[in-house]
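Residue numbers (the numbering used here), protein chains in the order written: chain A, 1060 to 1203; chain B, 78 to 613. Take a look at the structure set out below.
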C-alpha cells in the first residue's frame, strides 16, 4: 500500500504523463476512475512504484506533486533517461489501467470488451500473392 | 507408499503428454506426475477486461515474474536471455504462440554439412511419420507445398493472411524472398472436439476458445480415456536408484508439502531443457554423486536458447493490430548455410501481426517513441494498429559453458534447489542475428514502414522460450547423456524425451520436433518391450 504522499505524487505523475485531451475526447490518467484503478492494481509492483516516486522526489528535490508544473518535465525526463525497473513498473501500471478504460478504448475505435467470446474478424486476404513462391523449386538442403 | 507403476512420466507438457498417449496402447500402468494444476479455459486472460494486464501478473511468461505457487524460481542473472515457461497440465504449450515449424533435414546433419557441432543420431526421414502423427494429434493448420520443406500436408487450412500478412507478402515478393503460411497449432476448423479460431488475438497466455493446441486439450483427453493416470500438484524432488543402478521411482511433494515415494519400473523425464537437468542434478546418490545419469558430465551443459531479435516498424495504413493469432507467416529464405556469409547455419524470420493497446503503449514508452504530455495521444494513434514486426530465430550452436546448474541458495517453495542459468551468445549467433535484423529492416522498408519508426530488440530479453541441449542424445556415452532412442546410457530404465536431448537447435520453434521425438522414443520403447530388449 502506498502512503498518501506517494499516492498524491503518483496521481500527479499520471496526469503529467497522460493528460486529458479535449481534442481526442479522452480523460487523463489522473481521472478519478482511472486513478482508482491504478491505485488498486499496484499489487506486486507496489515497492517498485514507491521507489520510482522516491527517485522522482530525489531528482526534483521535493515530492513530484509539489513541483511547479513547468519544473515537472525536466525531472520526469531525467528519470526517463535513467531508466530501470522502478521506472518500468511506474509507467506500466499507469498505461495498463489507462488503456483499458472504456472511454479511452472507444476513442481509439475499440470495443470495451474482453476478446472472448466474440473474437475478431480477420480477412483471408489475397492468397494469389503466394503464387511466386509456389512456383519456386524446393530449396531445402539435401542431406547425404 | 504408492503402488508400483510400469511407467512414470515426469511432466505433462509437450513431450510428456505425447509419450503418455503413445504408450497407453501397451496397457501398462502409466502415471504422469505434474507439479502444476489443470488450467480451466475460463481462467485464461481473454475472458476478462484485464486480459493484457495479466501478461504482467499471473500469466506472465517469465516464471520469476509470474511466481505462482506451482512455479519454481530460476536464477537467470548471468544470462542476457531469461527463461520463460509455464507449469501446469500442458506445460509450456499453455503459454506458447503455437508457431509450429519442423526442423529441416539439414538440421540433423550439421557436422557433415557444415563441420560444426555434431550430427544427430536420428534424421528427418526417421522422424517424418512421427511428425505426421503428431500433426494429426495436435491438429495443425497450414498449407502444403512450402518449397523450404519436404512435402507434408497439415490437416487443416492455414490461418488467414489478414492485412498484415498481405503487406508482408507483397514486401517479400518485391524482394524475391521466400515466405509461406506457417504450420500453426491452432485449429482453423472444428477438430477433435476443439472449436476453430475466432481471432481472440492473444494466443500466448492460453486460448479461451480452445483453438490453440495445448496438450491438456489434445493428447491428454485421449491418454486419460486410455487409462493413463495424471496426478497434479506433484513436484518431483529426485529420481531414486537402487543398488543395481536402475531407477526405482521418484520422491515428490504433494500440494500440502507431504513427501511421497512413487515406485516405478521405468522413469521418463519430460520437464524441458531447464527442468530436466535441474531434476537430474538434484538426483544425487552414492552411485551418481554428480546427478543421475551424468557420467558424461554433460547434464545441464550445452544449453541452447534460440536467441531472438525483434525488429519492427510502423506503416501509415491500419493493419490487423492484435486481431488474429500473432504469428501466421514465416520466411526461410536465410535458413540454410550460405558460405558467402560470415556465419554458419541460419535462421527463420517469423512475421508478426501487431500488439494490443496496452502492450503497444508500454513498449513504445519504454523505447522512447511515445512521449509524455500533450503529444502522447497524437503519437499513440499513429502507432496502435500500424505495427509490423518480425522475429529472427537464430540457430544456437551447443557450447558447454552455456549451462544449467543448481543454485547454491535459491530454492522453490518445496525447498528443492532451483536452477541457475549461465549463458552467453556466441560470435556466430551475433553475426547471424545482425544479418537477420538487417534483412528485417529491408523487409520493413519494402513494406512501406517509416524508417524513423524502426526499432530493434536484440536479443529479446524475455525470449528464452526454447530450452534445448542439456541432456543431449548420441551414441557415445562419453559425449552424450541418452542414446539414439532417448534411454540414458547410465541407467537403463531412465529416459529423457524433451528438448534436453537435442544435439543442435536448428532455427525454428521446437515444439513440433520435440513431440515427434517423444513419439519416436515411445515407439522405440514399445518395439523393445515387444522384443523383451528394453533394458538390455
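The C-beta atom is built at its ideal place from N, Cα and C for all residues, glycine as well.
Candidates the options: closest to residue i by CA position
| i | options | result |
| --- | --- | --- |
| residue 504 of chain B | B:518, B:527, B:474 | B:474 |
| residue 123 of chain B | A:1178, A:1154, A:1093 | A:1178 |
| residue 229 of chain B | B:402, B:180, B:511 | B:180 |
| residue 552 of chain B | B:565, B:542, B:543 | B:565 |
| residue 1088 of chain A | A:1120, A:1193, A:1165, A:1070 | A:1070 |
| residue 253 of chain B | A:1188, A:1203, A:1113, A:1200 | A:1188 |
| residue 197 of chain B | B:308, B:585, B:108, B:557 | B:557 |
| residue 1076 of chain A | A:1096, A:1132, A:1159, A:1061 | A:1132 |
| residue 170 of chain B | B:468, B:543, B:268 | B:543 |
| residue 156 of chain B | B:607, B:502, B:522 | B:502 |
| residue 425 of chain B | B:409, B:434, B:260, B:533 | B:409 |
| residue 1151 of chain A | A:1079, A:1104, A:1135, A:1115 | A:1104 |
| residue 106 of chain B | B:112, B:113, B:97, B:114 | B:97 |
| residue 1115 of chain A | A:1100, A:1136, A:1102, A:1099 | A:1136 |
| residue 598 of chain B | B:213, B:89, B:99 | B:99 |
| residue 468 of chain B | B:535, B:185, B:449, B:483 | B:535 |
| residue 362 of chain B | B:389, B:390, B:321, B:377 | B:321 |
| residue 417 of chain B | B:442, B:388, B:299, B:509 | B:509 |
| residue 1108 of chain A | A:1169, A:1092, A:1067 | A:1067 |
| residue 224 of chain B | B:192, B:104, B:217, B:182 | B:182 |
| residue 235 of chain B | B:432, B:241, B:219, B:226 | B:219 |
Unbroken beta strand (DSSP E) run spanning residue i, endpoints
| i | result |
| --- | --- |
| residue 72 of chain B | Here chain B comprises residues numbered 78 to 613, so residue 72 of chain B is not present and cannot be evaluated. |
| residue 407 of chain B | 404 to 408 |
| residue 351 of chain B | It is not in any beta strand (DSSP E) - residue 351 of chain B instead sits in the alpha helix (DSSP H) that spans 349 to 359. |
| residue 155 of chain B | 152 to 155 |
| residue 391 of chain B | 385 to 391 |
| residue 86 of chain B | 82 to 87 |
| residue 329 of chain B | 324 to 330 |
| residue 108 of chain B | 107 to 110 |
Cβ pair residue i, residue j closer than 8 Å
| i | j | result |
| --- | --- | --- |
| residue 573 of chain B | residue 421 of chain B | no |
| residue 79 of chain B | residue 286 of chain B | no |
| residue 379 of chain B | residue 315 of chain B | no |
| residue 494 of chain B | residue 481 of chain B | no |
| residue 500 of chain B | residue 158 of chain B | yes |
| residue 549 of chain B | residue 375 of chain B | yes |
| residue 211 of chain B | residue 592 of chain B | yes |
| residue 334 of chain B | residue 577 of chain B | no |
| residue 411 of chain B | residue 244 of chain B | no |
| residue 311 of chain B | residue 331 of chain B | yes |
| residue 513 of chain B | residue 471 of chain B | yes |
| residue 519 of chain B | residue 463 of chain B | no |
| residue 357 of chain B | residue 341 of chain B | no |
| residue 1100 of chain A | residue 1156 of chain A | yes |
Coarse secondary structure for residue i, derived from DSSP in three states
| i | result |
| --- | --- |
| residue 284 of chain B | coil |
| residue 1082 of chain A | coil |
| residue 312 of chain B | strand |
| residue 145 of chain B | coil |
| residue 1093 of chain A | helix |
| residue 515 of chain B | helix |
| residue 169 of chain B | helix |
| residue 412 of chain B | coil |
| residue 486 of chain B | strand |
| residue 258 of chain B | strand |
| residue 1175 of chain A | coil |
| residue 378 of chain B | strand |
| residue 400 of chain B | coil |
| residue 1166 of chain A | helix |
| residue 78 of chain B | coil |
| residue 305 of chain B | coil |
| residue 177 of chain B | coil |
| residue 1060 of chain A | coil |
| residue 559 of chain B | strand |
| residue 226 of chain B | coil |
Span of the alpha helix (DSSP H) around residue i
| i | result |
| --- | --- |
| residue 601 of chain B | 588 to 607 |
| residue 530 of chain B | Residue 530 of chain B -> no alpha helix (DSSP H), and no H or E assigned at all. |
| residue 1156 of chain A | 1144 to 1157 |
| residue 499 of chain B | Premise fails: residue 499 of chain B lies in the beta strand (DSSP E), 494 to 499, not in any alpha helix (DSSP H). |
| residue 572 of chain B | Element bounds for residue 572 of chain B: not the alpha helix (DSSP H) but the beta strand (DSSP E), 571 to 573. |
| residue 1191 of chain A | 1190 to 1193 |
| residue 245 of chain B | 239 to 252 |
| residue 208 of chain B | 201 to 215 |
| residue 1137 of chain A | 1128 to 1141 |
Runs of 4 residues minimum, wholly inside the stretch 414 to 482 of chain B: which ones carry the alpha helix (DSSP H) assignment? 434 to 443, 453 to 460
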